[in-house]
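Participant: The structure that follows is given in the form of structure tokens.
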Amino acid sequence: MKYLTNNSGEVQQLLERFLKYVKIYSTSDSSNADKGLIPSTAQQSVFAGILADELKFMKLSGIQITEHFYVYGFLPASSGCEHAEPLCMMAHMDTIEEVCGKDVKPDVIKNYNGQKISLKDGFYLDPVKEPALAQAGQEHDTVITSDGTTLLGADDKAGIAAIMTAVHYLQNHAELKHGKIEVLFSPDEETGHGMDKVPLELISSKRCYTVDGGHIGELETECFNAFKTNITFTGKSTHTGTARAGGMINAVTMAGTFIANLPRHEAPETTDGYQGFYAPMTISGSVETSTVTLLLRDFTARGMKKRQELVRQIAETVANSFGGTVLVVHTQQYLNMKQKMDEHPEVVQDLVSAYNKAGLEPVCTPIRGGTDGSRLTEMGIPTPNIFTGGHNYHSHTEWASLSQMTAAAEVIIQLAVILEMKKNDQTAGK
Numbered sequence: 183m184k185y186l187t188n189n190s191g192e193v194q195q196l197l198e199r200f201l202k203y204v205k206i207y208s209t210s211d212s213s214n215a216d217k218g219l220i221p222s223t224a225q226q227s228v229f230a231g232i233l234a235d236e237l238k239f240m241k242l243s244g245i246q247i248t249e250h251f252y253v254y255g256f257l258p259a260s261s262g263c264e265h266a267e268p269l270c271m272m273a274h275m276d277t278i279e280e281v282c283g284k285d286v287k288p289d290v291i292k293n294y295n296g297q298k299i300s301l302k303d304g305f306y307l308d309p310v311k312e313p314a315l316a317q318a319g320q321e322h323d324t325v326i327t328s329d330g331t332t333l334l335g336a337d338d339k340a341g342i343a344a345i346m347t348a349v350h351y352l353q354n355h356a357e358l359k360h361g362k363i364e365v366l367f368s369p370d371e372e373t374g375h376g377m378d379k380v381p382l383e384l385i386s387s388k389r390c391y392t393v394d395g396g397h398i399g400e401l402e403t404e405c406f407n408a409f410k411t412n413i414t415f416t417g418k419s420t421h422t423g424t425a426r427a428g429g430m431i432n433a434v435t436m437a438g439t440f441i442a443n444l445p446r447h448e449a450p451e452t453t454d455g456y457q458g459f460y461a462p463m464t465i466s467g468s469v470e471t472s473t474v475t476l477l478l479r480d481f482t483a484r485g486m487k488k489r490q491e492l493v494r495q496i497a498e499t500v501a502n503s504f505g506g507t508v509l510v511v512h513t514q515q516y517l518n519m520k521q522k523m524d525e526h527p528e529v530v531q532d533l534v535s536a537y538n539k540a541g542l543e544p545v546c547t548p549i550r551g552g553t554d555g556s557r558l559t560e561m562g563i564p565t566p567n568i569f570t571g572g573h574n575y576h577s578h579t580e581w582a583s584l585s586q587m588t589a590a591a592e593v594i595i596q597l598a599v600i601l602e603m604k605k606n607d608q609t610a611g612k
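Quick note on our numbering: the sequence shown kicks off at 183 and runs consecutively.
Structure, rendered in structure tokens:
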């Protein structure tokens, strides 16, 4: 049995929640987060307060905003279901800094007809190039975009909206029995620091689920190994007019040469599937000192070590050829969660059952990135990732499907019911 239908009042509330959330400015700042400031921006604190107030209005229990502005609350177990296994649902509050996330103006296209969608500043969405958008047109789905001047923020406000909708539905349908359902909204996932200050002491669940994926049906249990690497070149400054005689060593040129020598066929824009990459993200500095920030991604530990070694070799070769020096520092961001996830197959099996109950066939794909769930899995709580219905993340052309967001909420409801039923089955078998 499916609980949410496309024409129900709950779906309209889901849309209203989502539109409300994307208009709230919550961009994070990686520079501040790297310095240990969590949350990295004040606007995330504001969003945390709004979400906590909403949880209070829904009459959840144990609601609090932690010192570092994680929002926590829980829906108590139904009467008689106190011994059912609890679960925790998670999503993140922040949006990326690379594309503007302030003053988002969402555009709702109901009964989308599959035509090209023109946005401001020359951006557009073309179903010919996007099969998911073409599918939305065939189904006359409700599609939500930004106006093109900003991102939309479906990553991960679609996830927050799906969780809120599912919890609200369970709260208002006492006939659906469930165990304790914890809710956790985190800051700074986009900076890679989303679990740095996670309040593990509040979480009683031995399993969590992030709602931070993309297309409907996606179910993710593996991700990249991820490192951030800073390569700092040191040169020598002289007057440019006498640079040859003065022995100038230009650190800016060294940094540029280093980037030019990275494998071109192993960049984010030239890889997919299980292929890793080297991704230069920033370059800054002057003639005397210049720094390149590089993201390294690989699905295997062995592959990551090879990437780190190649970066060192290229950097040292460039520095030596110019007569300068270089310092390479690798910082771990998160690890592939697959191994630890495989140790808890029931966590994924129950989620697969929830997908099936929601009328969906899971599509298991690797995350070409990471989630708070990958970090939390490292910490000992297995945390698979559920789709949200968001598409084209981190861009001006980001869009979301209302029917797919609804399906994500449906999966959460089904999962809660399945875990309670498992408790009954286990009790009956004793």
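Note that beta-carbon positions come from the ideal geometry of N, C-alpha and C, so glycine has one too.
Tell whether a beta-carbon distance below 9 Å holds between ALA336 and GLY572.
Facilitator: Cβ distance < 9 Å, so ALA336 and GLY572 count as in contact.
Participant: Which same chain residues, not among the five before or five after THR547, have their C-beta less than 7 Å away from its C-beta?
Facilitator: Counting only Cβ-Cβ distances below 7 Å, and skipping sequence neighbours, we find GLU400 and GLU402.
Participant: LYS292 and PHE200 look like a contact to me (Cβ under 8 Å); what is the Cβ gap, rounded to whole Å?
Facilitator: The pair is not a contact, with the Cβ atoms about 14 Å apart (cut-off 8 Å).
Participant: What residue range does the beta strand (DSSP E) around ARG479 cover?
Facilitator: Its beta strand (DSSP E) spans residues 471-480.
Participant: Fully enclosed by the segment 482-518, which beta strand (DSSP E) runs are 3 residues long or longer?
Facilitator: Segments of the beta strand (DSSP E) lying fully in the segment 482-518: 507-516.
Participant: Going straight from the alpha carbon of ALA408 to that of LEU492, what length do you get?
Facilitator: Each residue's Cα considered, the two are about 16 Å apart.
Participant: Rounded to a whole number of angstroms, what is the C-alpha to C-alpha distance between TYR537 and GLU404?
Facilitator: Approximately 18 Å, taken between the alpha carbons.
Participant: Which first and last residues belong to the beta strand (DSSP E) in which GLY239 is found?
Facilitator: The sequence shown places Phe at residue 239, not Gly. Note, PHE239: premise wrong, no beta strand (DSSP E); alpha helix (DSSP H) at 224-239.
Participant: Return the chain-ordered list of same chain residues with a C-beta closer than 6 Å to the C-beta of ASN294, the five sequence neighbours on each side being excluded.
Facilitator: A quick correction: the sequence has Tyr, not Asn, at residue 294. Closer than 6 Å at the Cβ level, and outside the excluded window around TYR294, lie ALA318, GLY319, ASP323 and VAL325.
Participant: Just list the residues that DSSP pairs ALA582 with in beta bridges.
Facilitator: According to DSSP, ALA582 bridges with ILE326 and GLY572.
Participant: Name the one or two DSSP bridge partners that MET271 has.
Facilitator: DSSP, once it has assigned bridges, lists VAL365 and TYR391 as partnering MET271.
Participant: My output table needs one value for PHE251: the three-state DSSP class, helix, strand or coil.
Facilitator: PHE251: coil per DSSP, three-state reduction.
Participant: Would PHE251 be called buried (16 or more neighbouring beta carbons within 10 Å of its own) or exposed?
Facilitator: Per the 10 Å Cβ criterion, buried.
Participant: List the endpoints of the continuous alpha helix (DSSP H) containing PRO450.
Facilitator: Looking at the DSSP string, PRO450 is not in any alpha helix (DSSP H), and its letter there is neither H nor E.
Participant: With the cut-off set at 9 Å, would you say CYS390 and GLY555 are in Cβ contact?
Facilitator: Going by C-beta atoms, CYS390 is nearer than 9 Å to GLY555.
Participant: I believe THR373 touches SER212 by the beta-carbon criterion, under 8 Å. Please report the beta-carbon distance rounded to the nearest angstrom.
Facilitator: Their Cβ separation, rounded to whole angstroms, is 4 Å, which keeps THR373 and SER212 in contact under 8 Å.
Participant: To the nearest angstrom, how far is the alpha carbon of GLN353 from that of LEU219?
Facilitator: Going by the C-alpha atoms only, they are around 35 Å apart.
Participant: Quick check on this structure: which residue in ALA314, SER260, LEU242 and TYR306 has the alpha carbon closest to the alpha carbon of HIS397?
Facilitator: Checked all of ALA314, SER260, LEU242 and TYR306; the closest Cα to HIS397 is ALA314.
Participant: Below 6 Å CB to CB, which residues in the same chain sit around ASP532 once its five sequence neighbours on both sides are set aside?
Facilitator: Cβ neighbours of ASP532 beyond the five flanking positions: ILE600.
Participant: What are the boundary residues of the beta strand (DSSP E) that GLU198 is part of?
Facilitator: GLU198 -> not in any beta strand (DSSP E); alpha helix (DSSP H) instead, spanning 191-204.
Participant: Taking the Cβ atom as the reference point for each residue, do THR565 and ASN518 lie within a distance shorter than 9 Å?
Facilitator: Cβ distance not < 9 Å, so THR565 and ASN518 don't count as in contact.
Participant: Three-state secondary structure (DSSP) at MET430?
Facilitator: Residue state, collapsed to three classes: coil.
Participant: Thinking C-beta only, is VAL380 closer than 9 Å to MET561?
Facilitator: Contact flag set, yes.
Participant: Classify PRO268: buried if its beta carbon has 16 or more other beta carbons within 10 angstroms, exposed otherwise.
Facilitator: The residue in question, PRO268, is buried, as its Cβ has 16 or more Cβ neighbours within 10 Å.
Participant: Quick one: residues in its chain with C-beta nearer than 7 Å to the C-beta of GLU192, no 5 flanking neighbours on either side, listed in chain order?
Facilitator: Around GLU192: LEU186, THR347 and TYR351.
Participant: In this structure, what does DSSP give as the bridge partners for THR420?
Facilitator: THR420 pairs with nothing; no bridge assigned.
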